[in-house]
Amino acid sequence: MGSFSVWHWVVIGVIIVVLFGAKRLPDAARGLGRSMRILKAETKGMMDDDKDEKVIKVETHAVAPAPPATSETQPQSPAAPRDTSI
Numbered sequence: 010m011g012s013f014s015v016w017h018w019v020v021i022g023v024i025i026v027v028l029f030g031a032k033r034l035p036d037a038a039r040g041l042g043r044s045m046r047i048l049k050a051e052t053k054g055m056m057d058d059d060k061d062e063k064v065i066k067v068e069t070h071a072v073a074p075a076p077p078a079t080s081e082t083q084p085q086s087p088a089a090p091r092d093t094s095i
């Protein structure tokens, strides 16, 4: 009783044809197929991005950190006020 038999699927198919009509079903199936392809491409792209991030993290950890810069900078004196009179 918990699983669908062949007759359940036939009844569901007939209901779908009655609700949407035979003319609109190919367009609906085409749109669903396009959506599935887009979803597949996006998830593949996300997985590729994750792999790229892991490679970048591994490369950054492999490189030894540079020693901190020890340059002495002299403090700058404040700039003179600008003459705003015209």
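Just so you know, we're using this note's numbering here: the sequence shown kicks off at 10 and counts up by one. We put the CB at the ideal spot given by N, CA and C, even for glycine. As the structure is a computational prediction, the values presented were derived from the model and not from experiment.
Using the C-alpha atoms, what's the distance from residue j back to residue i?
i             : j             : result
glycine 42    : glutamate 51  : 14 Å
threonine 93  : lysine 53     : 59 Å
serine 14     : isoleucine 47 : 32 Å
lysine 60     : proline 35    : 37 Å
glutamate 62  : valine 23     : 48 Å
isoleucine 25 : glycine 40    : 16 Å
methionine 55 : lysine 49     : 10 Å
serine 106    : aspartate 57  : Since the first residue shown for the chain is 10 and the last is 95, residue 106 is missing from the structure and cannot be characterised.
valine 20     : lysine 32     : 19 Å
Does the distance from the C-beta atom of residue i to that of residue j stay below 8 Å?
i            : j          : result
glutamine 29 : alanine 38 : It is phenylalanine, not glutamine, that sits at residue 29 in the sequence shown. In this structure, alanine 38 does not lie closer than 8 Å to phenylalanine 29 by Cβ.
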